[in-house]
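J.: Got a structure here, written out as structure tokens. Questions coming.
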Amino acid sequence: MQYTTAGESHGAKLVTIVTDVPAGFALASERINSDLARRQSGYGRGGRMSIETDKAQILSGLRFGRTLGTPIALEIANKDWQNWQERMATEGVAPANLKIETAPRPGHADLAGAQKLGRNDCRDILERASARETAARVAAGAVARAYLANFGVEISSYVTRIGKVALPPELIARKQAVFSTEKIENSAVRCPDAKTTDAIILAIDDARTKGESLGGCFNVVATGVVPGIGHFAQASKRLDSQMAAAIVSIPAIKGVEFGLGFASGSLFGSEVHDAIVIGEAGDGRIQPIRATNNAGGIEGGMSNGESIVISAVMKPIPTLTSPLRTVDLLTHQSREASKERSDIVAVPACAIVAEAECAMVLANAYIDKFGADTLADALVAFNNYIDRLIK
Ligand code: EPS
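Numbering (this note's numbering), first residue to last: -5 to 385.
Encoded structure:
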């Protein structure tokens, strides 16, 4: 399964085409829209989210609610387009009074993009570099997620830090996803602990008062993944290399870890590696399993049957209401960076985008192992594999 997106932040629509989709699984726009709504939520987001109600329209690749095995085209209308039609017209000439953005924001794609493409209006860059594009990724990821549900794979996420406020480490159990969906989804910042949520909200309010922005960390957890997904034999097929590339492709992500991650560099081998014991796997089968899950569910580039636990860090939003210094692209004079309407923090939204990226990687690894044509064929191969694992 591959996806491509198109669309500017204030253009008419966001579009995504998902190709190499197996035939015969159920997909509903309600499911896609629920992920789109989850991406829009989160305390500390900017004015744009109160303008938009992202909804995907499925244009192709389905018949009577089931995939045809043909490309799925999805589109999401930008309601804000009505306020930008002149400034973002795809044809014709620029209006005489067009305001151009010549003050690149440190931390955004503005300057390097303007240099790369020889532009002096940063809007030519920022419209596409905007994280608005991630709505289309979430729609594509929902297709992958619907496919994976047939194999018992579920993907969730939660926020572990925003700015200086972090979920106490003792609450983060790595063996499995212990947080209830309700606790995560009911938190205004997707943090499963009420006390931490309250402290994060105060930190966001404080950042807003100071004209600041914030970043943070989140975990993505995939449960129900059978062992042996991915491959040890090829760099490009290693599950963790694919997953890292997919997560780091999300705007503003500056690092990714699996399981214990960087902390494993300061520990003894016996403190890091997960002892193998006979026990009950996630689906009730008696199997060799792990006593702990410090590996984050991936060893040797393959799933090991434990939950896949990925942590990532998102840098603070580059648009500041108390901006940093920059250089005007036309005059080369020092000035303040431009102030776009923006979020104070978008870490909870970013976690949903990371769920989508994780789903796309896992769906591809399942397709690679169990077959690309139809869900029915893949389920036969999958059930044979499960039987073999038990013997
Ligand atoms: C976003 C929409 C954008 C920004 C945000 C992400 O809307 P607008 O630019 O109209 O306010 O809120 O983009 C950024 C933070 C960024 O740095 O590009 C969205 O839909 O997620």
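Just so it is clear, CB atoms sit at the ideal spot from N, CA and C, and this is done for glycine as well. The model shown is predicted, which means the values in this text are computed figures rather than measured ones.
Of all the options 6, 317, -5, which has the alpha carbon lying nearest to the alpha carbon of residue 13?
T.: As a working mapping, residue 13 is identified with position 19 in the sequence shown. For the residues 6, 317, -5, the minimum Cα distance to residue 13 belongs to -5.
J.: Note down, in chain order, each residue of its chain lying with its Cβ closer than 6 Å to the Cβ of residue 386, except the 5 sequence neighbours on either side.
T.: Nothing about residue 386 can be read from this structure; the chain reaches only from -5 to 385.
J.: Between which two residues does the beta strand (DSSP E) harbouring residue 152 extend?
T.: Taking the first residue of the sequence shown as 1, we reach residue 152 at position 158. First-last of the beta strand (DSSP E) with residue 152: 148 to 156.
J.: For residue 197 and residue 203, what's the separation of their Cα atoms in angstroms?
T.: Locating residue 197 in the sequence shown gives position 203, counting from the first residue. Locating residue 203 in the sequence shown gives position 209, counting from the first residue. The straight-line gap from Cα to Cα measures roughly 10 Å.
J.: Using the rule of at least 16 other Cβ atoms within 10 Å of the residue's Cβ for burial, across every protein chain shown, is residue 92 buried or exposed?
T.: Working through the sequence shown from its first residue, we reach residue 92 at position 98. Classification of residue 92: exposed, given that the 10 Å Cβ count is below 16.
J.: For residue 187, count neighbouring C-beta atoms within 10 Å of its own C-beta (all shown protein chains included) and say buried if the count is 16 or more, exposed if not.
T.: Residue 187 sits at position 193 when you count from the first residue of the sequence shown. Buried, since its Cβ has 16 or more Cβ neighbours within 10 Å.
J.: I think residue 292 touches residue 252, with their Cβ atoms under 8 Å apart; what is that distance to the nearest whole Å?
T.: Sequence index remark: in the sequence shown, residue 292 carries index 298 (1-based). Sequence index remark: in the sequence shown, residue 252 carries index 258 (1-based). Yes, they are in contact, since the Cβ atoms of residue 292 and residue 252 sit about 6 Å apart, within 8 Å.
J.: Can you give me the C-alpha to C-alpha distance between residue 78 and residue 84, rounded to a whole angstrom?
T.: Residue 78 sits at position 84 when you count from the first residue of the sequence shown. Residue 84 sits at position 90 when you count from the first residue of the sequence shown. If you take the alpha carbons of residue 78 and residue 84, they lie about 11 Å apart.
J.: Per DSSP, which residues does residue 211 bridge with? Please list them.
T.: Counted from its first residue, the sequence shown places residue 211 at position 217. Residue 211 is bridged to 155, 307.
J.: With distances taken from CA atoms, which of 39, 73, 136 is nearest residue 27?
T.: As a position in the sequence shown, residue 27 is number 33, starting the count at 1. Among 39, 73, 136, the Cα nearest to that of residue 27 belongs to 136.
J.: What are the start and end residues of each continuous alpha helix (DSSP H) run of 4 or more residues lying completely inside the segment 36 to 104, in chain order?
T.: Here the runs fully enclosed are 42 to 45.
J.: Would residue 342 and residue 153 be called neighbours here (beta carbons separated by less than 7 Å)?
T.: Counting from 1 along the sequence shown, the entry for residue 342 is found at position 348. Counting from 1 along the sequence shown, the entry for residue 153 is found at position 159. Against a cut-off of 7 Å, the Cβ pair of residue 153 and residue 342 comes out as a contact.
J.: Of the choices 232, 337, 276, whose alpha-carbon is the least far from that of residue 207?
T.: The residue given as residue 207 occupies position 213 in the sequence shown. Ranking the options by Cα distance to residue 207, first place goes to 337.
J.: Just tell me which of 141, 31, 52, 50 has its CA closest to the CA of residue 43.
T.: Counted from its first residue, the sequence shown places residue 43 at position 49. Selected option, being the one with the closest Cα: 31.
J.: What's the gap between the Cα of residue 47 and the Cα of residue 73?
T.: Indexing the sequence shown from 1 puts residue 47 at position 53. Indexing the sequence shown from 1 puts residue 73 at position 79. If you take the alpha carbons of residue 47 and residue 73, they lie about 8 Å apart.
J.: For the ligand EPS, any of its heavy atoms closer than 6 Å to the Cβ of residue 107?
T.: Within the sequence shown, numbered from 1, the residue matching residue 107 stands at position 113. Result no, Cβ not under 6 Å from the ligand EPS.
J.: The ligand EPS heavy atoms versus the CB of residue 205: any closer than 6 Å?
T.: The residue labelled residue 205 in the question sits at position 211 within the sequence shown. Incorrect: residue 205 has no Cβ contact closer than 6 Å to the ligand EPS.
J.: Is there at least one non-hydrogen atom of the ligand COA closer than 6 Å to the beta-carbon of residue 37?
T.: The ligand COA is absent from the structure shown, which contains only the ligand EPS.
J.: Regarding residue 247 and the ligand EPS, is the C-beta to nearest heavy atom distance less than 6 Å?
T.: As a position in the sequence shown, residue 247 is number 253, starting the count at 1. Flag unset: Cβ of residue 247 not near the ligand EPS.
J.: When you compare only the Cα positions, how much space is there between residue 355 and residue 213?
T.: In the sequence shown, the residue the question calls residue 355 occupies position 361. In the sequence shown, the residue the question calls residue 213 occupies position 219. About 16 Å.
J.: Below 8 Å on the Cβ atoms is my guess for residue 275 versus residue 281; work out the distance and round it to an integer in Å.
T.: For the purposes of this step, residue 275 is taken as the residue at position 281 of the sequence shown. For the purposes of this step, residue 281 is taken as the residue at position 287 of the sequence shown. With a Cβ gap of about 4 Å, residue 275 and residue 281 count as contacting.
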